[in-house]
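First to last, the protein sequences are chains X and Y. First residue of the first sequence? That's 0 in numbering that gives the first Met the number 0, and the numbers climb one at a time after it. First residue of the second sequence? That's 0 in numbering that gives the first Met the number 0, and the numbers climb one at a time after it. Here the structure comes first, spelled out in structure tokens, and everything after it is commentary.
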Amino acid sequence: MTSRFDRHPLARWWPLLLLLGATAPTALHAQSGRPVVVASKPFGESYLLAEMFAQTLESRGIAVTRRAGLGATEVAFSALRSSAIDVYPEYTGTGLIAILRDTLPDSLARDAGAVYAHVARAFQERYDARWLPPLGFENTYAIAVRRETAERHGLRTLTDLARASGQLAAGFTADFIGRPDGLPGLERAYGGNGGMRFRSTSPLSPALKYQALASGSVDVIDGYSTDGLIARYDLVTLVDDRRFFPPYEAAALVSPRLANERPDAIAALTLLSGRLGVERMRMLNRRVEVEREDVSNVARDALRDILATDSATIGARAEETAASGVVDFLRARRAAVARQTLRHLLLVIAALSAAIVVAVPLGLALERARRAAEGTIGVLGAVETIPSIALLAFMIPLFGIGVVPALVALWLYALYPIARGTYSGVRDADPDAVEAAEALGTTPAQRLLWVRLPLAAPVIMAGVRTAAVITVGAATLAAFIGAGGLGEPIVEGLSLADTRLILSGAIPAAMLALLVDRLLAVVERLIMPAHLRAPHSRGPSSAT
Amino acid sequence: MTLALEARDLRHAFGDVVALDGVSVNVPAGGAVAIVGESGSGKTTLLRCFNRMVEPRDGDVLVDGASARSRSAIDLRQQIGYVQQHGGLLPHWTVARNVGLVLRAMGRPDQAAVARALDLVGLSPDALGGRYPWELSGGQRQRVALARAIAAGPGALLLDEPFGALDAITRGEVQEAFIAARRRLGVTMLLITHDLAEAARVADEIVVMRAGRVEQRGSMAVLRDSPATDYVRELVRSALAQARALEPA
């Protein structure tokens with residue numbers, strides 16, 4: 000028996016709406032009893048600390064959701080502020096300068112304890128967010144050069160560097176170039192006597208900067224004092240003799256929701272306070288960044304030492320994969336890859352379906368109002384030119400982080416090809432057939448369903464296929480705002496300069512793009528108008 | 000029910016281009032009238048006023064004595080069959096489905112009526128009903144278009160150069176089929192053509208149009224013997240010269 004509802008045009012979309020409902024709100028707002036959302040920024044140490052937070056919570060029986068590799072400071076903090084995430088590792092200096100944008104008197108600004116006290120109080124007052132006691136190490140910016148460069152130019156301090164800067168090519172991360180506690184401040188602090196003026200300054204990906212320095216492409220980079228790679232490449236870090244960089248003490252930064260509602264989680268996280276010295280951290284970072292050990296294994300080993308009393312509650316080691324090739328690596332990660340692929344596919348299906356639901360009627364409407372058509376389609380086309388990462392960033396103030404903003408961004412990308420295909424497909428559908436149908440007394444709806452849409456189907460489907468492939472690609476970037484999917488290993492792999500990890504996301508993503516395109520090709524054949532589907536020639540078969 | 004068609008003093012323009020400049024034409028119920036004229040003479044515009052595909056700026060269109068505007072365009076069009084030069088068959092529909100278009104639009108699909116219409120235009124429903132338009136010859140396609148126009152039993156037929164794209168032999172055969180079908184149905188017909196000989200063959204009366212105006216109306220004999228204008232005289236002379244060229248010297 001079919002009810003009225005079954006025949007309703009919306010009925011077919013219900014599974015999708017359910018899907019959207021199920022995946023969308025990875026809770027943007029506080030909700031007691033939900034898992035604690037542990038996040039990190041996209042670099043090795045942040046991944047490692049976040050994983051240690053997560054395992055510590057789990058060892059106390061607290062459920063955890065991981066959101067590793069969120070875009071950057073702005074993304075992570077705006078998510079925390081709205082309690083979309085609950086905790087991530089942050090540094091007091093970053094909190095002071097990049098988030099609060101406060102200036103302290105020099106005497107206080109160089110005192111780690113004073114900075115922590117100021118930051119903790121200010122965050123509590125302004126954002127209701129809480130800094131847990133510091134973990135026990137500082138990770139400040141470390142301006143690094145090759146040993147050979149240091150010896151040739153006699154570089155020991157940043158003042159020395161300023162003197163020689165005219166002969167040196169700098170490669171800094173985009174973050175460092177833009178932050179007030181990065182290059183702009185550095186140039187000001189060491190600005191006397193010709194100042195800090197490099198021969199050239201190029202933006203470099205965090206993942207590539209050490210290789211660029213080691214290979215001689217650049218002479219100076221910004222690193223972190225705890226980076227494992229500084230020792231590996233035998234680099235020299237220059238002394239901040241004017242004490243420009245503020246103290247960057249690492250600590251857990253906690254959301255208002257967690258601070259107010261989950262004393263159990265706060266107590267668990269506080270177990271780590273003061274337990275991570277700089278030597279231990281440098282060693283752990285080295286295992287992740289240089290020796291390519293699995294982040295969760297390194298975190299697990301570290302916690303065994305730190306929380307020695309209850310090592311049994313910390314889970315078993317993941318299968319060790321550090322030394323194997325790409326294929327073995329993929330096999331070892333198959334559960335994660337399958338989960339991320341499924342997530343990716345759901346993102347694509349949801350965004351694409353929502354785009355079809357909107358863009359096809361829009362294309363039809365524009366065909367009725369052609370004056371507005373080119374303009375409207377032009378605006379949608381302009382969306383296409385916004386870099387994905389920028390579009391995702393625009394979404395954060397509106398929708399926070401997670402699945403919702405990612406879906407909105409992917410949806411926006413998918414609109415243009417589908418609306419364009421629908422509009423031109425329907426506009427150019429066999430004009431003789433359309434006119435005859437009109438002159439014979441069909442209603443506009445009948446013409447649409449019987450003539451125009453079927454004849455436009457191939458062009459509409461071409462648009463849908465284009466949109467699908469774009470969406471599969473763009474969805475890899477959704478990981479930057481915590482939507483998960485195959486972008487997760489790509490972002491993490493880029494941050495850790497781990498090619499296998501990048502490939503474990505990129506290869507399934509490429510295969511998914513091909514698969515989706517093939518699947519839609521089958522759909523296209525099924526809905527192809529009969530006269531185009533038939534294998535015969537199109538010429539007349541006989542004379543009258 | 001057979002419908003009388005009448006146009007009174009129609010005026011219409013597309014932008015600044017005048018298409019109809021005071022045209023009056025009437026086709027009695029069951030009559031067959033051909034409109035002859037060059038491209039741009041306004042003949043297609045006139046034809047399209049009768050099924051409200053064009054709404055003239057001024058003047059009255061009467062169908063069966065009542066203003067065409069007094070009923071909905073869709074109703075009106077379902078009562079008036081229409082065939083255009085290139086058939087306008089839906090390429091993704093079979094012949095039988097194409098012929099059933101109007102019946103389906105009216106909400107009363109009728110396979111028997113489809114078969115009768117195909118029979119009437121000389122096509123076998125069994126052999127051709129399942130084919131697609133691209134599997135037909137040009138002449139077969141125009142017959143299918145006529146079958147589609149008549150399948151729902153209209154009171155009038157509007158034919159816009161339906162033979163214009165056919166080669167000479169096919170053209171003659173299809174004209175025969177049209178004439179036969181119309182006689183059987185007794186339906187009113189308004190035909191557009193630029194070929195005076197074709198007009199003479201298919202219609203009882205001929206209306207000559209030029210530059211949005213009617214030059215003359217009458218049977219072929221009247222046009223030949225007492226042309227009202229130089230244009231009509233020239234038109235007749237040229238058609239006769241062509242016919243004479245075929246006769247033995």
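We treat Cβ as the ideally placed atom computed from N, Cα and C, and that holds for glycine.
| Item | Value |
| --- | --- |
| Test: VAL450/X CB closer than 8 Å to a CB of chain Y | yes |
| 6 Å CB neighbourhood of LEU234/X in its chain, flanking five on each side removed | ALA143 |
| Residue interval of the beta strand (DSSP E) (run including PHE398/X) | It is not in any beta strand (DSSP E) - PHE398/X instead sits in the alpha helix (DSSP H) that spans 387-398. |
| Whole-angstrom distance between VAL433/X and GLY185/Y, CA atom to CA atom | 28 Å |
| Whether ILE469/X touches ALA413/X by CB criterion (8 Å) | yes |
| Counted within 10 angstroms of its Cβ, other Cβ atoms place SER66/Y as buried (16 or more) or exposed | exposed |
| Short Cβ contact (8 Å threshold) for TYR46/X with GLU491/X | yes |
| Check: ALA119/X C-beta below 7 Å from any heavy atom of the ligand NAD | Among the components modelled here there is no ligand, and therefore nothing to report on the ligand NAD. |
| Beta-carbon spacing of ILE501/X, ILE489/X below 8 Å | yes |
| Cβ-Cβ distance between LEU365/X and ILE376/X below 8 Å | yes |
| Min CB distance VAL101/Y to chain X below 8 Å | yes |
| Under 9 Å (Cβ pairs) to chain X, residues found in the stretch 70-84 of chain Y | ALA72, ILE73, ASP74, LEU75, ARG76, GLN77, GLN78, ILE79, GLY80, TYR81, VAL82, GLN83, GLN84 |
| Per DSSP, the bridge partner or partners of GLU5/Y | ASN25/Y, LEU61/Y |
| Residue-chain proximity (PRO528/X, chain Y), Cβ-Cβ < 8 Å | yes |
| Cβ contact (3+ pairs, closer than 8 Å) linking the stretch 41-48 of chain Y and the stretch 114-126 of chain Y | no |
| Min CB distance ASP431/X to chain Y below 8 Å | yes |
| Near-chain Y residues of the stretch 250-264 of chain X (beta-carbon distance less than 8 Å), N- to C-terminal order | none |
| Inter-stretch contact at 8 Å, needing at least 3 Cβ pairs: the stretch 166-180 of chain X / the stretch 248-268 of chain X | no |
| For TYR90/X, three-class secondary structure by DSSP | strand |
| Own chain, CB closer than 7 Å to ALA482/X, minus 5 neighbours either side, in chain order | LEU346, GLY401, VAL402, ALA405 |
| Contacts of ALA442/X in chain Y (Cβ-Cβ under 8 Å) | Here the sequence assigns Thr to residue 442/X, which means Ala is not the residue at that position. Here the neighbours are ILE73, ALA104. |
| Span of the beta strand (DSSP E) around SER267/Y | Here chain Y covers residues 0 to 248 and nothing more, so residue 267/Y does not appear. |
| Interface residues of the stretch 450-470 of chain X facing chain Y [CB-CB below 8 Å] | VAL450, PRO453, LEU454 |
| Residues of the stretch 168-190 of chain Y with Cβ closer than 9 Å to any Cβ of chain X, in chain order | ILE168, THR169, GLU172, VAL173 |
| Per DSSP, cross-strand counterpart(s) of MET188/Y | ALA31/Y, LEU156/Y |
| Exposure of GLU288/X, with buried meaning 16 or more beta-carbon neighbours within 10 Å | buried |
| Under 8 Å between C-beta atoms of ALA6/Y and PRO27/Y | no |
| Under 8 Å by beta carbon: chain X residues contacting LEU117/Y | Neighbours of LEU117/Y on chain X: none; closest Cβ ~14 Å, over 8 Å. |
| Coil, strand or helix - LEU439/X by DSSP | coil |
| Cβ shell of THR169/Y (< 6 Å), same chain only, five flanking positions each side left out | GLY138 |
| Cβ neighbour criterion (16 or more within 10 Å) applied to GLY219/Y | The question names Gly, but residue 219/Y is Met in the sequence shown. It is buried - the Cβ of MET219/Y has at least 16 other Cβ atoms within 10 Å. |
| Test item: CB-CB of TYR230/Y and GLU214/Y under 8 Å | yes |
| PRO246/X classed as buried or exposed, judged by whether at least 16 other C-beta atoms fall within 10 angstroms | buried |
| Helix, strand or coil at HIS91/Y [DSSP, three-state] | coil |
| Given GLN141/Y as reference, the closest of HIS193/Y, PRO108/Y, GLY171/Y, SER69/Y once Cα atoms are compared | GLY171/Y |
| Cβ neighbours of ALA18/Y in the same chain (closer than 7 Å, five flanking residues each side left out) | HIS11, ALA12, GLY41, THR44, GLY211 |
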